[in-house]
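Worksheet: one structure, shown below.
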Amino acid sequence: MSAPLMILPPSALKAAEVARARKALKGLYADHPGTGPAGETCGSCKNLYRKHMGKTYLKCSLTEKFWTGGGGTDIKARSPACSKWEAEGQAEGQRESPKG
Ligand code: SF4
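Below, the structure written as structure tokens:
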């Protein structure tokens with residue numbers, strides 16, 4: 000006996016793809032990864048903040064008011080840039096985090 004066939008509407012498939020992509024890129028990004036300039040990543044963005052504790056945790060400084068002490072708000076340097084991406088050295092230069 001074969002398994003029952005489940006057909007999902009296109010909207011459900013898209014939602015499933017988005018959920019899968021978000022799970023793969025869990026973290027707190029300023030916008031959806033991949034919505035920024037092609038070829039750029041969080042690692043090349045001036046908003047990437049490296050929080051040095053016992054080890055280094057990567058955060059997006061634009062989401063600072065939502066940071067927690069847990070890994071749920073960490074981001075990955077290799078994640079595709081979001082729409083808020085800014086080149087390092089642009090405008091204000093390297094940003095310091097008030098949370099230190
Ligand atoms: S590309 Fe820049 S602004 Fe966007 S989430 Fe990454 S570090 Fe933050």
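Counting in numbering that gives the first Met the number 0, the sequence shown tops out at residue 99, every number present.
Beta carbons are placed, not taken as given, at the ideal position from N, Cα and C, and that holds for glycine.
Kindly list the residues whose CB is nearer than 7 Å to the CB of E95, restricted to its own chain and excluding five residues on each side of it in sequence; keep chain order. Because the pLDDT of E95 is 47, which lies under 50, any placement of that residue in the model is unreliable, and the question is left without a value.
Tell whether a beta-carbon distance below 8 Å holds between L27 and S78. no
Taking its Cβ as the centre, do 16 or more other Cβ atoms sit within 10 Å of A80, making it buried, or is it exposed? buried
Answer with buried or exposed for A29, where buried requires no fewer than 16 other C-beta atoms within 10 angstroms of its C-beta. buried
Answer yes or no: do S82 and G35 have a C-beta to C-beta separation smaller than 8 Å? Result yes, Cβ atoms of S82 and G35 sit closer than 8 Å.
For T102, I'd like the list of residues in its chain whose CB is within less than 7 Å of its CB, leaving aside the five on either flank, ordered along the chain. Beyond the ends of the chain as shown, which are 0 and 99, falls residue 102; an answer cannot be given.
Name the residue from G68, P32, G33 whose alpha carbon lies nearest to the alpha carbon of G53. G68
Through-space distance from G33 to S60, alpha-carbon basis: 18 Å
Between H31 and the rest of its own chain, which residues show a CB-CB distance below 7 Å, the 5 nearest in sequence each way excluded? C81
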